[in-house]
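In the numbering used here, the protein residues as written are 4 to 134.
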């Protein structure tokens with residue numbers, strides 16, 4: 004089954020994509036193209052998405068980005084876990100970055116990044132802890 008329109012799902016919220024393919028037997032949905040998901044205060048965009056309904060988890064792929072009012076998360080892929088109708092948690096895979104903008108008047112800003120590249124500091128910590 005394919006859809007070419009906005010879809011309203013009580014589990015994952017509002018999803019706007021072109022097209023969506025749903026395998027009803029396996030309960031897996033594939034979205035290709037411009038994927039835009041809105042769930043409560045979370046908005047996410049990606050080039051592709053896969054949602055595994057039986058496992059209550061989804062993957063946002065191809066330049067995914069998710070944000071709330073104060074936090075933006077990006078990485079090579081974002082894995083979301085749902086519980087009931089709520090977003091339970093999110094895992095960032097590959098070269099992740101979290102940008103925080105908040106505080107009174109939006110005065111605070113910070114960025115946390117992580118990647119798969121070994122840094123001199125990480126190697127020094129590894130050498131120190133393996134003694």
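Even for Gly, the Cβ is constructed at its ideal location relative to N, Cα and C. Because the structure is a prediction, the values reported are computed rather than measured.
List the endpoints of the continuous beta strand (DSSP E) containing residue 111. Along the chain shown, read from residue 1 onward, the residue named residue 111 stands at position 108. 111-117 is the span of the beta strand (DSSP E), which, as asked, contains residue 111.
Quick check: residue 59 and residue 86, are their CB atoms within less than 8 angstroms of each other? As a position in the chain shown, residue 59 is number 56, starting the count at 1. As a position in the chain shown, residue 86 is number 83, starting the count at 1. In this structure, residue 86 lies closer than 8 angstroms to residue 59 by Cβ.
Per DSSP, residue 86 forms a beta bridge with which residues? Against the chain shown, residue 86 aligns to sequence position 83. For residue 86, the pairing in a beta bridge is given by DSSP as 89.
Classify residue 79 as helix, strand or coil using the three-state DSSP reduction. Here residue 79 refers to the residue found at position 76 when the chain shown is read from its first residue. If DSSP states are grouped into helix, strand and coil, residue 79 belongs with coil.
Quick one, which of 32, 91, 115, 80 has its alpha-carbon nearest residue 42's? Here residue 42 refers to the residue found at position 39 of the chain shown. That would be 91, whose Cα lies nearest to the Cα of residue 42.
Measuring CA to CA, which of 49, 27, 98, 44 is closest to residue 34? In the chain shown, the residue the question calls residue 34 occupies position 31. Residue 34 has its Cα closest to that of 49, out of 49, 27, 98, 44.
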